[in-house]
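Everything below concerns the one structure shown next.
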Amino acid sequence: MKTDTIFYRLFQEIPSIFFELIGQSPELAENYEFSSIEVKQTAFRIDGVFLPHETTDNPIYFLEVQFQLDEDLYNRLFAEVFIYIRQNKPNNNWKGVVIYPTRSIDTGDIKHYEEFFLSQRVRVIYLDEIEETTSLPIGVATIKLIITNEETAIAPARELIDRTKQEVKSQPKQQQILEIIETILIYKFPRMNREEIESMFGLSDLKQTRFYQEAKQEGREEGKEEGREEGREEGELKAKLDAVPGLVGLGLSQEQIAQVLNLSIDEVKKIVEKMSK
């Protein structure tokens with residue numbers, strides 16, 4: 001999965017997620033702009049920087065997202081921070097946040113920078129150690145979905161979609177979150193075709209997303225758009241049935257597949273029996 005792209009999009013489109021992740025008020029995002037910044041005359045590029053508006057005294061947040069072992073990460077991070085400070089001479093104080101999927105990716109080699117961690121100027125977050133609760137903010141739950149195993153991602157994704165539709169009242173923000181969840185799943189299930197992805201989401205959830213609209217437009221251009229409601233329902237049922245083999249390949253039971261796709265057990269069993277012949 002292209003985690004750098006996903007995280008950059010998450011924090012750029014919905015910056016409040018970052019502040020929820022570090023235990024701050026999501027409203028703080030209104031005082032910041034998020035971007036990736038290249039430090040001049042070096043080969044350094046900071047993953048992400050939350051720059052506070054000039055009228056506030058909020059700290060600058062330097063962000064690193066690391067999903068692979070990198071023994072030089074902390075040396076690079078602090079070099080980037082101090083070169084940035086030297087070049088830009090900001091008035092605001094600064095803090096750092098490093099995000100890992102799991103503790104095993106962290107080398108823990110902070111001997112030259114230990115004071116920054118002890119003082120909490122720099123924080124390290126391990127996504128798999130964030131407690132799973134139904135009260136977890138939707139933004140943080142979306143980040144957790146990124147590290148969820150492929151075999152178990154479908155159910156929490158559907159729960160997250162349901163929560164988003166129920167709890168996020170702003171239609172533009174709701175659509176943003178749904179599209180990000182959709183993108184995460186597309187990267188997470190590269191072997192699944194478009195119809196299978198649509199079925200995994202539930203077509204009613206996809207109708208307002210960019211992905212669905214593009215698919216619908218392609219159908220029109222190819223002359224495949226159904227003219228009657230009955231034909232459309234048949235097409236949706238076919239898409240669900242076509243998705244069954246892919247979900248079987250992911251290790252889901254027949255009962256789980258029926259629940260995910262809103263099919264009867266008998267319908268799923270018939271497809272599975274055909275696969276075994």
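264 is the number that full-length UniProt numbering gives to position 264 of the sequence shown; each next residue is one higher, with no gaps. Quick reminder that beta carbons are idealized off the backbone N, C-alpha and C, glycines included.
- Judged by beta-carbon spacing, Ile125 lies beyond the 8 angstroms limit of Trp94, meaning their Cβ atoms are not closer than that value.
- Of Val98, Asn58 and Ile46, the smallest CA-CA separation from Phe67 is found for Val98.
- Between the C-alpha atoms of Ser119 and Ser25 there is a straight-line separation of about 21 angstroms.
- Taking one beta carbon from each stretch, the segment 155 to 167 and the segment 2 to 13 have fewer than 3 pairs nearer than 8 angstroms; the two do not touch.
- The Cβ atoms of Val140 and Glu20 lie closer than 8 angstroms to each other.
- Under the 10 Å beta carbon count, Glu196 is surrounded by 16 or more other beta carbons and is classified as buried.
- Annotation for Ser16: the continuous alpha helix (DSSP H) segment containing it runs Ser16 to Leu21.
- When the Cα atoms are used, Leu63 and Lys270 turn out to be separated by approximately 50 angstroms.
- In the structure shown, the three-state DSSP call for Leu136 is coil.
- Note that the C-beta distance between Ile138 and Ile180 is not below 8 angstroms.
- DSSP assignment within the segment 38 to 89 yields the following whole alpha helix (DSSP H) runs of 4 residues or more, N-terminal first: 73 to 88.
- Ser135 counts as exposed, since fewer than 16 other beta carbons sit within 10 angstroms of its beta carbon.
- For Phe34, the beta-bridge partners assigned by DSSP are Phe50.
- Boundaries for Lys111: no beta strand (DSSP E) harbours it, and the DSSP string shows neither H nor E there.
- Its Cα nearest to that of Phe7, the residue Leu145 stands out among Glu151, Glu150, Leu145 and Glu273.
- Between Glu71 and Thr107, the C-beta spacing is below 8 angstroms.
- In the displayed model, Ile130 falls within coil according to three-state DSSP, outside both helix and strand.
- Check the Cα spacing between Phe117 and each of Ile130, Ser104 and Gly96: the tightest is with Gly96.
- The beta carbons of Leu10 and Ile130 sit no closer together than 8 angstroms.
- In its chain, beyond the 5 residues on either side, Ile99, Tyr100, Pro101, Thr102, Ile143, Lys144, Ile146 and Ile147 have a beta carbon closer than 8 angstroms to the beta carbon of Leu127.
- Boundaries of the beta strand (DSSP E) around Lys95: Trp94 to Tyr100.
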